[in-house]
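Chemist: First the structure, then my questions, so here it is.
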Amino acid sequence: MAHWGMFEAESDGGEVVAVRPFAGDADPSPILANAVGSVRHRSRVGGPAVRRGWLEQGPGPSDRRGADEFVAVSWDELTELLAGELRRVVDTHGNRAIYGGSYGWSSPGRFHHAQSQVHRFLKMLGGYTRSENSYSLGATSVIMPRVMGTHWKLFSRSTNWDVIARETDLMVCFGGVPLKNTAVNDGGTSNHPTRGALDALRDRGGEIVSISPLRDDMHGRAQWLAPRPGTDVAIMLALCHVLVTDDLVDRAFLDRYTVGYDKFEDYLLGRTDGVVKDPAWAAALSGLPADTIADLARRMAAGRTLVTVTWSLQRVRHGEQAPWAGLTLAAMLGQIGLPGGGFGHGYGSMNEPGLAPVPYPLPTLFQGENPVPDSIPVAAISDLLLNPGREYDYNGERRTFPDIRLVYWAGGNPFHHHQDLGRLRRALARPDTIVVHDPYWTPMARHADIVVPSTTALERDDLACARNDPLLVAMQAATPRFADARDDYDTFSALAYRLGFGDRFTEGRTSAEWLAHLYEQWRRFVLADGGVAPEFDEFWARGHVAMRTEDDLTLLEDFRADPERNALRTPSGRIEIFSADIDGFGYDDCGGHPAWYEPEEWLGGERAQSFPLHLIANQPRTRLHSQLDHGATSQASKIEGREPIRMHPAAASARGIATGDVVRVFNDRGACLAGALLDDGMLPDVVQLSTGAWYDPIDPADPNSLCVHGNPNVLTPDVGTSKLARGSTGQHVLVQIERFDGPVPPIRAYDPPVVRTRSTSDRR
Numbered sequence: 001m002a003h004w005g006m007f008e009a010e011s012d013g014g015e016v017v018a019v020r021p022f023a024g025d026a027d028p029s030p031i032l033a034n035a036v037g038s039v040r041h042r043s044r045v046g047g048p049a050v051r052r053g054w055l056e057q058g059p060g061p062s063d064r065r066g067a068d069e070f071v072a073v074s075w076d077e078l079t080e081l082l083a084g085e086l087r088r089v090v091d092t093h094g095n096r097a098i099y100g101g102s103y104g105w106s107s108p109g110r111f112h113h114a115q116s117q118v119h120r121f122l123k124m125l126g127g128y129t130r131s132e133n134s135y136s137l138g139a140t141s142v143i144m145p146r147v148m149g150t151h152w153k154l155f156s157r158s159t160n161w162d163v164i165a166r167e168t169d170l171m172v173c174f175g176g177v178p179l180k181n182t183a184v185n186d187g188g189t190s191n192h193p194t195r196g197a198l199d200a201l202r203d204r205g206g207e208i209v210s211i212s213p214l215r216d217d218m219h220g221r222a223q224w225l226a227p228r229p230g231t232d233v234a235i236m237l238a239l240c241h242v243l244v245t246d247d248l249v250d251r252a253f254l255d256r257y258t259v260g261y262d263k264f265e266d267y268l269l270g271r272t273d274g275v276v277k278d279p280a281w282a283a284a285l286s287g288l289p290a291d292t293i294a295d296l297a298r299r300m301a302a303g304r305t306l307v308t309v310t311w312s313l314q315r316v317r318h319g320e321q322a323p324w325a326g327l328t329l330a331a332m333l334g335q336i337g338l339p340g341g342g343f344g345h346g347y348g349s350m351n352e353p354g355l356a357p358v359p360y361p362l363p364t365l366f367q368g369e370n371p372v373p374d375s376i377p378v379a380a381i382s383d384l385l386l387n388p389g390r391e392y393d394y395n396g397e398r399r400t401f402p403d404i405r406l407v408y409w410a411g412g413n414p415f416h417h418h419q420d421l422g423r424l425r426r427a428l429a430r431p432d433t434i435v436v437h438d439p440y441w442t443p444m445a446r447h448a449d450i451v452v453p454s455t456t457a458l459e460r461d462d463l464a465c466a467r468n469d470p471l472l473v474a475m476q477a478a479t480p481r482f483a484d485a486r487d488d489y490d491t492f493s494a495l496a497y498r499l500g501f502g503d504r505f506t507e508g509r510t511s512a513e514w515l516a517h518l519y520e521q522w523r524r525f526v527l528a529d530g531g532v533a534p535e536f537d538e539f540w541a542r543g544h545v546a547m548r549t550e551d552d553l554t555l556l557e558d559f560r561a562d563p564e565r566n567a568l569r570t571p572s573g574r575i576e577i578f579s580a581d582i583d584g585f586g587y588d589d590c591g592g593h594p595a596w597y598e599p600e601e602w603l604g605g606e607r608a609q610s611f612p613l614h615l616i617a618n619q620p621r622t623r624l625h626s627q628l629d630h631g632a633t634s635q636a637s638k639i640e641g642r643e644p645i646r647m648h649p650a651a652a653s654a655r656g657i658a659t660g661d662v663v664r665v666f667n668d669r670g671a672c673l674a675g676a677l678l679d680d681g682m683l684p685d686v687v688q689l690s691t692g693a694w695y696d697p698i699d700p701a702d703p704n705s706l707c708v709h710g711n712p713n714v715l716t717p718d719v720g721t722s723k724l725a726r727g728s729t730g731q732h733v734l735v736q737i738e739r740f741d742g743p744v745p746p747i748r749a750y751d752p753p754v755v756r757t758r759s760t761s762d763r764r
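Each residue of the sequence shown is one higher than the one before, counting from 1 in the UniProt record's numbering.
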């Protein structure tokens, strides 16, 4: 099982040479092909390595991270060095001086999940400063619990695709429903039903409206409305305005199921700020015709309508507003809790929304409690490292950044997720020590002091399953371990014994024994539910076992049926169109109800005079984030070895650019090279460059160096969504583009750094 699908792997005894998708998958992902050749790729970390400067000069800040060579050490040496450094930091600075980053999709496995392993280890060490939320959903994970009492239920208990296909008359999709994103699920996936569900909806006579700057954000026949990027909230407000002025609001629903609507209506009608949020106002901001907006509002009120908002819309400045405004629009229509109507968040963002959930807990490695209370929003890592002791606002609290001396990272690549990579590199120069577990020499591994070579999911046994997938899968190793790589569990076990808590960490179990133990825990839940689950040995021989799922689910149907008994976990127990709590925080960038806030990075502002193209840095279609960027599917999309940037023919022609040209994409933060691909499926002043190309600076010693490979995060601003959530804002950025006419630099992203043997270094 991989994040992008269930498959069988064919091995030659050392490498995966072919993959075959699961026969039960309706629409297998082509990303599976990236696994072929990945085990022994030249970018693998072959053994333990330590940065030369750290080894020779000891722990301390260093601007050589990312540019230094490494020294190969034995596993015994690595264990001794790492255990000693952990003990030094804890004894000298305390456990809050350790930051356990470990953010990423390392494996769908339930046991060999890098985040679970490292967090369990660090908690037993005495704790660590942790991160909260995710880059994907930084704004949503804070705003939605406050206004509808939940976050994950929006996805895990969303309205099922079969209900939508059967019941929805009109699906209005802010951000579209990008099929490319539905290839993946964080616990793996055995089926991809989105394409078939959208086809079934249309075949039944249902209609789809895709509101997105990119035409291919929707599969198949749909009305495409292409607004100026970043203006979705203005459009939603104008739709709400039409519902009010045309007397189409379901006031009975609002009275029973929501609070604070009157304050929001005053804002819509301009009573609070003198600005009427009507279609003419939204047209001036968005570029959509006012009549088109008004007509859409009336169509939405005429039948069973589902309002959906992709995750991408909250990865911008003021990202809290889009899901909140979408929920409010759906509430005004009064269809929340009705089959095929209401609200959805994340359809087309991952292969989870729309899929039926399983009703019992999944096999889970117990991590224990973290004795250290400190945490940061995950997208604030550079702020944390650069500003020890500084106070900041977050979700109604006033917090202080700890002084981090050691960063422990396992299972992720922040050079994919984080913004303003020049700033991130300066931040990573500050700690005393950076430890990275990784199978590959990713950009993060290159910036480490201690590199721990991990196995990939293809080299170890594990269990895989997801909250919204009916199969528990036996992930059986396809190949032997590469070179001197180890499972993270074995690494942490050795460290734990060296630090005096090995028996607590392992509980006396090998990896194989842990798998059987976790399976039996899960099996008890299945049997108690009346299901059937074989003994572990039989399950392992079969390869997978089916679980019961909750089908025909509609989001918030229980709340609609009885709002008192099934009250939401908000202060009022209802949907909070106006939140007194948020209003009381007094934030200037996130008030008490959904509102329009002008972005900094948009085509309607002054910044566009200098950087006139709006770049959308969305998720790639050829890989998951930056994983296996060297794989065949990912590589086939490159142009001259660089990530492709899509441009409208008019914008390209004005700059003398043709398909296949290498171009320089730049602003006042940085620059990267990319390969031009002309496409009229976007506005002329919009360009699209996916995230995930491995960061490849032409000068590894210069934090502001040109990235020759096409990583857009050298361009994106490192600012939070608002003081409320401080989520990632990496989706939108303004740029300029010019043809690159000089000698094209080589791609070195996948080449390992210099790693010298200990004997060679001793002679220097």
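Even glycine gets a Cβ: it sits at the ideal position worked out from N, Cα and C.
From a predicted model like this one, the values you see are computed outputs, not experimental measurements.
Quick check on Tyr-99: does DSSP put it in helix, strand or coil?
Modeler: On the sequence shown, position 99 is the one that residue 99 refers to. Strand, per DSSP.
Chemist: List the whole-angstrom C-beta distance separating Thr-140 from Trp-409, where the pair is believed to meet the contact cut-off of C-beta under 8 Å.
Modeler: On the sequence shown, position 140 is the one that residue 140 refers to. On the sequence shown, position 409 is the one that residue 409 refers to. With 8 Å as the limit, Thr-140 and Trp-409 do not qualify as a contact, their Cβ atoms being about 24 Å apart.
Chemist: Can Thr-231 and Leu-285 be called in contact, C-beta distance under 9 Å?
Modeler: Within the sequence shown, numbered from 1, the residue matching residue 231 stands at position 231. Within the sequence shown, numbered from 1, the residue matching residue 285 stands at position 285. Yes, the Cβ-Cβ distance between Thr-231 and Leu-285 is below 9 Å.
Chemist: Tell me whether the beta-carbon of Leu-458 lies closer than 9 Å to the beta-carbon of Ala-9.
Modeler: Indexing the sequence shown from 1 puts residue 458 at position 458. Indexing the sequence shown from 1 puts residue 9 at position 9. Cβ atoms of Leu-458 and Ala-9: closer than 9 Å.
Chemist: Looking at His-614 and Arg-228, is the spacing between their C-beta atoms short of 9 Å?
Modeler: For this step, residue 228 is matched to residue 228 along the sequence shown. For this step, residue 614 is matched to residue 614 along the sequence shown. It is a contact, given that the beta carbons lie within the stated cut-off.
Chemist: With DSSP run on the structure shown, which of helix, strand or coil describes Cys-240?
Modeler: Position 240 of the sequence shown holds residue 240. Helix, per DSSP.
Chemist: Taking the CB atoms as reference points, tell me whether Leu-689 and Pro-644 lie closer together than 9 Å.
Modeler: For the purposes of this step, residue 689 is taken as the residue at position 689 of the sequence shown. For the purposes of this step, residue 644 is taken as the residue at position 644 of the sequence shown. Yes, the Cβ-Cβ distance between Leu-689 and Pro-644 is below 9 Å.
Chemist: In the DSSP assignment, what residue or residues form a beta bridge with Pro-377?
Modeler: Here residue 377 refers to the residue found at position 377 when the sequence shown is read from its first residue. Paired residues: Glu-132.
Chemist: Please report the distance separating the alpha-carbon of Arg-130 from that of Met-124.
Modeler: What you label residue 130 is simply residue 130 of the sequence shown in a count that begins at 1. What you label residue 124 is simply residue 124 of the sequence shown in a count that begins at 1. If I take the Cα positions, the gap works out to 14 Å.
Chemist: Assign Met-682 to one of three DSSP states: helix, strand, or coil.
Modeler: Taking the first residue of the sequence shown as 1, we reach residue 682 at position 682. The answer is strand: DSSP assigns Met-682 an E or B state.
Chemist: Put Ala-18 into one of helix, strand or coil per three-state DSSP.
Modeler: Here residue 18 corresponds to residue number 18 of the sequence shown, with the count starting at 1. Note: Ala-18 maps to strand in three-state DSSP.
Chemist: Would Leu-734 pass as an interface residue toward chain D - the criterion being a Cβ-Cβ separation below 9 Å?
Modeler: Looking for chain D here will not work: only one protein chain is present.
Chemist: Confirm, please, whether the CB-CB distance from Leu-86 to Leu-499 is below 9 Å.
Modeler: Counted from its first residue, the sequence shown places residue 499 at position 499. Counted from its first residue, the sequence shown places residue 86 at position 86. Yes, these two residues count as a Cβ contact at 9 Å.
Chemist: From what residue to what residue does the beta strand (DSSP E) around Pro-644 run?
Modeler: Working through the sequence shown from its first residue, we reach residue 644 at position 644. Looking at the DSSP string, the run of the beta strand (DSSP E) that includes Pro-644 is 644-647.
Chemist: By alpha-carbon positions, which one of Arg-51, Pro-21, Leu-518 and Gly-13 ends up nearest to Gly-37?
Modeler: Counting from 1 along the sequence shown, the entry for residue 37 is found at position 37. Looking from the CA of Gly-37, the closest CA among Arg-51, Pro-21, Leu-518 and Gly-13 belongs to Gly-13.
Chemist: Counting only runs that start and end within the region 548-633, where is the alpha helix (DSSP H) found for 4 or more residues in a row?
Modeler: DSSP runs (the alpha helix (DSSP H)) wholly in the region 548-633: 557-561 and 580-585.
Chemist: Our contact map puts Trp-4 next to Ser-29 with C-beta atoms below 8 Å; I'd like the distance itself, whole angstroms only.
Modeler: Translated into positions along the sequence shown, residue 4 becomes position 4. Translated into positions along the sequence shown, residue 29 becomes position 29. The pair is a contact, with the Cβ atoms about 4 Å apart (cut-off 8 Å).
Chemist: How many Å lie between Met-144 and Gly-303 at the Cα?
Modeler: By one-based count along the sequence shown, residue 144 stands at place 144. By one-based count along the sequence shown, residue 303 stands at place 303. Rounded to the nearest angstrom, the two C-alpha atoms are 26 Å apart.
Chemist: DSSP has Cys-707 in a bridge; who is on the other side?
Modeler: Walking along the sequence shown from the start, residue 707 turns up at place 707. Paired residues: Cys-672 and Pro-697.
Chemist: Check this for me: beta carbons of Gly-170 and Asp-250, under 9 Å apart or not?
Modeler: For this step, residue 170 is matched to residue 170 along the sequence shown. For this step, residue 250 is matched to residue 250 along the sequence shown. A small fix is needed here, since residue 170 is Leu in this sequence, not Gly. For Leu-170 and Asp-250, no; Cβs fall outside 9 Å.
Chemist: Tell me which residue opens and which closes the beta strand (DSSP E) that Met-475 is part of.
Modeler: Here the question's residue 475 lines up with position 475 in the sequence shown. If you look at Met-475, you'll find it in the beta strand (DSSP E) that goes 471-475.
Chemist: If you reduce the DSSP assignment to three classes, tell me which class Ser-761 lands in.
Modeler: Mapped onto the sequence shown, residue 761 falls at position 761. Residue placement at Ser-761 is poorly supported in this model, since its pLDDT is 44, which falls under 50; the coordinates still yield a value, given next. Here Ser-761 sits in helix by DSSP.
Chemist: Just checking my contact of Asn-181 with Gly-348 at CB under 8 Å: how many whole Å lie between their CB atoms?
Modeler: Numbered from its first residue, the sequence shown carries residue 181 at position 181. Numbered from its first residue, the sequence shown carries residue 348 at position 348. So it is a contact: roughly 6 Å between Cβ atoms.
Chemist: Can you say whether Arg-764 is buried or exposed, counting buried as having 16 or more other CB atoms within 10 angstroms of its CB?
Modeler: Start at 1 with the first residue of the sequence shown, and residue 764 comes out as number 764. Residue confidence is low: Arg-764 scores 35 on pLDDT, short of 50, so the model does not pin down where it sits. Its coordinate-derived value is still stated next. Flag for Arg-764 reads exposed.
Chemist: Around the C-beta of Ala-595, are 16 or more other C-beta atoms found within 10 angstroms, so that it is buried, or is it exposed?
Modeler: For the purposes of this step, residue 595 is taken as residue 595 along the sequence shown, with counting starting at 1. Label assigned to Ala-595: buried.
Chemist: Could you check where the alpha helix (DSSP H) with Trp-324 kicks off and where it finishes?
Modeler: The residue given as residue 324 occupies position 324 in the sequence shown. That run of the alpha helix (DSSP H) goes 321-333.
Chemist: Mapping DSSP to helix, strand and coil, what is Ala-546?
Modeler: Numbered from its first residue, the sequence shown carries residue 546 at position 546. It is a strand residue.
Chemist: Just curious, the alpha helix (DSSP H) that Thr-79 is in, first and last residue?
Modeler: Taking the first residue of the sequence shown as 1, we reach residue 79 at position 79. Unbroken alpha helix (DSSP H) run through Thr-79: 75-93.
Chemist: Tell me whether Arg-739 sits in a helix, a strand or coil according to DSSP, three-state version.
Modeler: As a working note, residue 739 is residue 739 in the sequence shown. Here Arg-739 sits in strand by DSSP.
Chemist: Give every residue of the same chain whose Cβ lies closer than 8 Å to the Cβ of Ala-636, excluding the five residues on either side of it in the sequence, and list them in chain order.
Modeler: One-based indexing of the sequence shown puts residue 636 at position 636. Once the five neighbours on either side are set aside, the close Cβ partners of Ala-636 are Thr-622.
Chemist: Should the region 732-750 be regarded as contacting the region 150-165, the criterion being three or more beta carbon pairs within less than 8 Å?
Modeler: no
Chemist: Could you pull out every residue in the same chain whose Cβ sits closer than 6 Å to the Cβ of Val-233, ignoring the five residues on either side in sequence?
Modeler: Walking along the sequence shown from the start, residue 233 turns up at place 233. Gln-321, Ala-322, Ala-325 and Trp-596, listed in sequence order.
Chemist: Would you say Ile-639 and Ala-674 are within 9 Å of each other, going by their C-beta atoms?
Modeler: For the purposes of this step, residue 639 is taken as residue 639 along the sequence shown, with counting starting at 1. For the purposes of this step, residue 674 is taken as residue 674 along the sequence shown, with counting starting at 1. Contact: yes.
Chemist: Determine the burial state of Ala-262: buried for a count of at least 16 other Cβ atoms within 10 Å of its Cβ, exposed for fewer.
Modeler: Walking along the sequence shown from the start, residue 262 turns up at place 262. Sequence check: residue 262 is Asp here, not Ala. By the 16-neighbour rule on beta-carbons within 10 angstroms, Asp-262 is exposed.
Chemist: Check whether the Cβ atoms of Val-209 and Ala-222 sit closer than 9 Å, and answer yes or no.
Modeler: Reading the sequence shown from its first residue, position 209 is the one you call residue 209. Reading the sequence shown from its first residue, position 222 is the one you call residue 222. For Val-209 and Ala-222, yes; Cβs fall inside 9 Å.
Chemist: Along the chain, where does the beta strand (DSSP E) that runs through Pro-453 open and close?
Modeler: Here residue 453 refers to the residue found at position 453 when the sequence shown is read from its first residue. 450-453 is the span of the beta strand (DSSP E), which, as asked, contains Pro-453.
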